[in-house]
Ligand code: NDP
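In this note's numbering, the protein residues as written are 264 to 760.
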């Protein structure tokens, strides 16, 4: 049913994007999305869908699959490149929406939209590149080669923290390799995902190739992962939901890919440039209020420099601008929701209760402009034990635990002593120390004199241990998840057996 203004949906609500059209949720429900910097502001409304809507979207995606998979790669590439150009032309507007919907400081929101543009252009290029390999056959006059084929309908389930980049770094490779997509974005940030659908539609993506269904993951997730026409699921979010999805997907024998939490450490050795290390650790821990899976949440520091380093960090954190996200000078904005703020504050209470020594922050800023948003003060706890809860569990907020270590060996051992293994940094000038760390650290993304957060989009992204299901996203690595290999042997007719 097409959405009409003034009927069951308001002017702000587009509905779901299914089969190339905007359609109301089967039960005609919508939910308001509020600005976490100022909860009086309704940014828009999104459909509150049910499993019926998931079924419609998956069917549309299945119907679109045969024609899309047969389209030559360069033709698919043209659509993705055009979508990239269109997104670039709307960068400012989409960044504003992202920032208001989700509380990301506007500068970082622009960078995220630019990343979306780059992802679309990068994966457009993949449509022109070779996929598959030629293998020498032991048989005479025989061709032995592999082809990379799409899987079919791919379910994409995404969190709120990168509401544009994560949907695109999953959907763009899925699409270029010939799959069709049903995206279920997070309830906290559906509107940015709908802007992505608009861009694809305008770029001429055929109806049904990319679909978006908004609404509660708890009700829609199982319907999506269990749908018989869904052939793979790629997910980013919490470990609890990820492992649930893995169970469902494994029971059906379909492919799944999970990117989950982190407890990322920055190790600072005695010979490090302490100003550089302090700048980068503060950025990794506090930008976007620490709501990145790759955020720096532990600084493990050589005992001989820990007092100086901590002083530098605390001084910088005191000067950070906590502002509504659309303020140009916001270093960090609010956190995304009341529930997320409660969780962060409960960890801060654990820290204050004896796990560390509170050096800065530790509460909620009061007065204008803070009282109408979900703000949390950037917080640093020095003198934290490696096994303390705030040093072990993911907080997903602007909280840094500083942990002493005797030497580089002990620092690496402490860094590895968590269940996660997403990303880590080392600050040093010592080449041998860096080489040893690169070898011994148990994470998927290793940095030297650089921030734990972020990886360039042309390189593989993913973690060790409980941080991921071990497949990799982004770059050329994405081909492994979004395609299957067909091995072809072709012998001449009439040859001897
Ligand atoms: P969730 O796991 O709660 O949600 C992620 C997505 O899954 C959302 O779209 C959500 O929908 C959906 N979902 C919820 N329940 C189900 C279900 N039963 N079946 C299928 N899908 C479901 O995480 P958050 O979005 O709250 O993100 C915060 C967490 O995600 C952090 O703790 C962090 O660890 C992790 N994260 C990891 C990243 C990484 O790259 N490794 C990146 C970003 C976050 P709905 O919103 O409607 O509940």
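Glycine included, C-beta positions come from ideal geometry on N, C-alpha and C. A quick note: this is a predicted structure, and the numbers were derived from the prediction, not measured.
CB contact below 8 Å: residue i versus chain D
i: residue 717; result: Within the model displayed, chain D is absent; a lone protein chain is all it includes.
Close beta carbons around residue i, own chain, < 6 Å, minus the five adjacent residues each side
i: residue 298; result: 304, 306, 363
i: residue 718; result: 708, 724
i: residue 282; result: 323, 470, 471
Nearest to residue i (by Cα), restricted to the options the options
i: residue 702; options: 691, 681, 675, 719; result: 675
i: residue 657; options: 758, 308, 276, 559; result: 559
i: residue 770; options: 403, 646, 316, 719; result: Look at the range of the chain in this structure, 264 to 760, and you will see that residue 770 is not part of it.
i: residue 661; options: 679, 649, 641, 601; result: 641
i: residue 550; options: 715, 749, 353; result: 715
i: residue 568; options: 600, 371, 439, 691; result: 691
i: residue 688; options: 382, 346, 548; result: 548
i: residue 315; options: 465, 390, 428, 490; result: 490
i: residue 619; options: 758, 370, 652, 425; result: 652
i: residue 421; options: 500, 591, 402, 588; result: 500
i: residue 713; options: 579, 585, 749, 529; result: 529
i: residue 393; options: 278, 408, 665, 403; result: 408
i: residue 333; options: 387, 438, 670; result: 438
i: residue 308; options: 455, 406, 413; result: 455
i: residue 704; options: 721, 683, 649; result: 683
Cβ shell of residue i (< 7 Å), same chain only, five flanking positions each side left out
i: residue 331; result: 441, 443, 469, 472
i: residue 685; result: 525, 527, 556, 557, 706, 707, 708, 726, 730
i: residue 271; result: Here residue 271 scores only 37 on pLDDT, less than 50, and its place in the model should not be relied on; the value that follows carries that caveat. Contacts found: 287, 291.
i: residue 269; result: Residue placement at residue 269 is flagged as unreliable, the pLDDT there being 32, under the threshold of 50; the coordinate-derived value follows with that caveat. So no residue of the chain qualifies.
i: residue 402; result: 754
i: residue 511; result: 485, 488, 489
Local conformation of residue i per DSSP, three classes
i: residue 700; result: helix
i: residue 739; result: coil
i: residue 352; result: helix
i: residue 563; result: strand
i: residue 502; result: helix
i: residue 648; result: coil
i: residue 413; result: strand
i: residue 408; result: strand
i: residue 473; result: strand
i: residue 285; result: strand
i: residue 455; result: helix
i: residue 629; result: coil
i: residue 529; result: strand
i: residue 587; result: coil
i: residue 667; result: strand
i: residue 593; result: coil
i: residue 359; result: helix
i: residue 280; result: strand
i: residue 599; result: coil
i: residue 478; result: coil
i: residue 759; result: coil
i: residue 462; result: helix
i: residue 747; result: strand
Paired residues, beta bridge with residue i - DSSP
i: residue 731; result: 522
i: residue 686; result: 708
i: residue 753; result: 406
i: residue 679; result: Beta-bridge pairing links residue 679 to no other residue.
i: residue 307; result: 296
Beta strand (DSSP E) segment containing residue i, residue limits
i: residue 447; result: 443 to 447
i: residue 396; result: That residue, residue 396, is in no beta strand (DSSP E); it is neither H nor E in DSSP.
i: residue 296; result: 293 to 298
Contact test: residue i Cβ vs ligand 3 heavy atom, cutoff 7 Å
i: residue 379; result: Summarising the ligand content, the structure contains ligand 1 and does not contain ligand 3.
Boundaries (first-last residue) of the alpha helix (DSSP H) holding residue i
i: residue 540; result: 537 to 549
i: residue 384; result: 369 to 389
i: residue 325; result: 314 to 333
i: residue 572; result: 569 to 581
i: residue 439; result: 428 to 439
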